[in-house]
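Working notes, structure below.
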Amino acid sequence: MKLSVVLDGRDLSVLVPFWTTALGYDAVFSLPEFEVLRPREGEPSGPVFILQRVPEDKAGKNRMHVDVHPPLELGVPGLVERLEALGGRRVGEPVTDLLEAIDSWWQVMADPEGNEFCVVADQGHPPPAATTS
Numbered sequence: 001m002k003l004s005v006v007l008d009g010r011d012l013s014v015l016v017p018f019w020t021t022a023l024g025y026d027a028v029f030s031l032p033e034f035e036v037l038r039p040r041e042g043e044p045s046g047p048v049f050i051l052q053r054v055p056e057d058k059a060g061k062n063r064m065h066v067d068v069h070p071p072l073e074l075g076v077p078g079l080v081e082r083l084e085a086l087g088g089r090r091v092g093e094p095v096t097d098l099l100e101a102i103d104s105w106w107q108v109m110a111d112p113e114g115n116e117f118c119v120v121a122d123q124g125h126p127p128p129a130a131t132t133s
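So this is what it looks like as structure tokens:
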């Protein structure tokens, strides 16, 4: 079985740099209505990520979302800062409800067009309180 993720958006020129940074992917193929992103050479494999141009704005909450797991050396705060510089925004405070149960926490974010996703801290990432100065 193969998995591809398709995300609708109006302005692919904004979404391509945002999502290549978020995922650590490269844009590998382009048509007027589509941009295809794939994992960078030497990086762990992942699904093909397709950005599809649509005429309408996003309406309502996503029914499904992407979880992005940054490498330990970058961490959640580092990736969040990079994505904010590209037009992303935080949605609320970090979610730590399951920190004790699964040693994981996350920051909900939205891309420049409002598509929600999570930047997830896996085991070994410090909790959010330990990352503030």
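Residue numbers (full-length UniProt numbering): 1 to 133. For every residue, glycine included, the Cβ atom is placed at its ideal position computed from N, Cα and C.
The stretch 11–29 makes contact with the stretch 108–122; the number of CB pairs closer than 8 Å reaches 3 or more.
Leaving aside the five residues that flank G88 on each side, the residues in its chain whose CB is nearer than 7 Å to its CB run, in chain order, F18, M109, A110, D111 and P112. For the pair P55 and E100, the Cα-to-Cα distance works out to about 43 Å. If you look at R53, you'll find it in the beta strand (DSSP E) that goes V48 to R53. Counting the other Cβ atoms within 10 Å of the Cβ of A85 gives fewer than 16, which makes it exposed. Rounded to whole angstroms, the gap between the alpha carbons of D122 and R38 is 22 Å.
For V91, the number of other beta carbons within 10 angstroms of its own is below 16, and it is reported as exposed. Within the UniProt domain "Glyoxalase-like" (4–120), the beta strand (DSSP E) runs of at least 3 residues that lie entirely inside it are, in chain order, 4–9, 25–31, 34–39, 48–53, 66–68 and 105–110. Residue nearest to R82 within the set D57, G9, A59 and A22 is A22 (criterion: CA-CA distance). Short of 7 Å from the beta carbon of D8, and not among the five residues preceding or following it, lie these beta carbons of its own chain, in chain order: Q52 and V54.
Contact between V5 and P44 is absent: CB atoms are separated by about 15 Å, not below the 8 Å threshold.
A buried status is given to L79, since no fewer than 16 other beta-carbon atoms sit within 10 Å of its beta-carbon.
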